[in-house]
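The structure appears right after this line, and notes come after that.
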Amino acid sequence: MPVITFANTKGGAGKTTAALILATELARAGNRVTVLDADPQRWISTWHELSGRVPNIDVISEITMASIQGHIIENRGNTDYFIIDLAGARNSLLATAIGLSDHVLIPIQGCSMDAKGGAQVLELLAQLEKQVGVRIDHSVVLTRVSSLVTTRALQVVKVLLASRNVRVLETPIVERAAFRDVFDCGGTLQTMDPARVSNLDKARENARVFAEEVRRLVPLHVTRAFRRAA
Ligand SMILES: Nc1ncnc2c1ncn2[C@@H]1O[C@H](COP(=O)(O)OP(=O)(O)O)[C@@H](O)[C@H]1O
Ligand SMILES: [Mg+2]
């Protein structure tokens with residue numbers, strides 16, 4: 006049961022949106038997903054309450070530094086993937102969640118070059134490796150990318166990050182109404198009405214390809230050894 010954490014110390018980077026897309030897609034593919042909602046604003050918990058039962062998805066709210074590892078240990082028998090959604094803050098819960106993760110996904114808005122919140126997470130990961138010798142695998146995911154942005158413009162951002170040895174996912178998350186509306190409507194991209202949401206088919210395809218890529222990066226059987234022993 007790998008743990009995937011979405012982290013960026015800046016709010017509005019697209020963490021919660023990407024976390025929900027990944028959770029619902031992994032669940033749709035038959036994986037049992039437990040979302041640990043570590044954001045006091047409870048966006049995913051509210052979505053879950055609005056949605057009623059969503060097959061294969063559990064959401065645990067009000068996660069604290071003291072409780073987070075216990076939730077993972079308690080639920081590892083009934084969970085294929087844990088997804089942690091963090092608040093946009095640089096605090097000790099961020100460090101604790103990162104320390105428990107098999108993979109950290111760092112959403113950065115593809116078109117603004119304001120990647121400071123993402124850079125802080127990358128620094129924290131580098132510190133962890135240098136000071137404690139623990140290397141947590143991680144990737145940047147470009148989010149809220151305009152559908153009009155050319156592949157070439159995205160390529161520039163990718164090359165820039167690659168020059169700093171940061172992996173960037175092939176699949177950016179595009180700015181789509183469906184990714185906003187799903188929080189208001191509840192349910193998933195599959196239960197939304199294509200007649201009422203523009204470009205729903207494109208949003209569904211984007212979500213599918215994004216989750217596929219994450220699934221290849223973080224296969225089911227890969228979990229950090231210490232948790233198996235715990
Ligand atoms: N891919 C997207 N398409 C459309 N709207 C998005 C997308 N990603 C994020 N948003 C919107 O941007 C705002 C911030 O996104 P959110 O996922 O809450 O970021 P964070 O969790 O990093 O604070 C929200 O209003 C959300 O609906
Ligand atoms: Mg959020």
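Read in order, the letters of the sequence shown correspond to residues 6 to 235 in this note's numbering.
Cβ coordinates follow ideal geometry from the N, Cα and C atoms, glycine included.
Around ligand 2, which residues pass a check of Cβ closer than 7 Å to any of its heavy atoms? Those residues placing their Cβ nearer than 7 Å to any heavy atom of ligand 2 are, following chain order, Gly16, Lys20, Thr21, Asp44, Gln46, Trp48, Asp90, Ala92 and Gly93.
Pick out the complete beta strand (DSSP E) segments inside the region 8 to 81, 3 residues or longer, and give them in chain order. List check, beta strand (DSSP E) in window: 8 to 11, 38 to 43 and 62 to 65.
Closest to Ser72 by CA distance: which of Asp42, Arg58 and Thr51 is it? Sorting Asp42, Arg58 and Thr51 by C-alpha distance to the C-alpha of Ser72 places Asp42 at the top.
Look at the alpha carbon of Cys190 and the alpha carbon of Ala212, and state the distance between them as a whole number of angstroms. Taken atom to atom, the span from the alpha-carbon of Cys190 to that of Ala212 is near 17 Å.
Could you check if Phe87 belongs to the surroundings of ligand 1, using beta carbon to heavy atom distance under 8 Å? Not under cutoff, so the answer is no.
CA-to-CA distance, Gly57 to Val145, given in whole angstroms: Per the coordinates, the alpha-carbon of Val145 lies some 31 Å from the alpha-carbon of Gly57.
Apart from the five residues on each side of it in sequence, which residues of its chain come closer than 7 Å, Cβ to Cβ, to Leu105? The answer, listed in chain order, is Val8, Ile73, Gln74 and Ile77.
Please go through the same chain and pick out, in chain order, the residues whose beta-carbon is closer than 7 Å to the beta-carbon of Met6, but skip the five residues on each side of it. Cβ neighbours of Met6 beyond the five flanking positions: Arg81, Thr84, Asp85, Tyr86, Phe87 and Thr228.
Touching or not, the region 157 to 168 and the region 186 to 205, by the rule of three or more beta carbon pairs under 8 Å? Contact fails: fewer than three Cβ-Cβ distances are below 8 Å.
Is the Cβ-Cβ distance between Gly93 and Thr14 less than 9 Å? Thr14 is positioned such that its CB atom lies closer than 9 Å to that of Gly93.
Under 8 Å from any heavy atom of ligand 1, does the C-beta of Asn96 make it? The answer is no for Asn96.
If you follow the beta strand (DSSP E) that Ile88 is in, where does it begin and where does it stop? Tyr86 to Leu91 is the extent of the beta strand (DSSP E) around Ile88.
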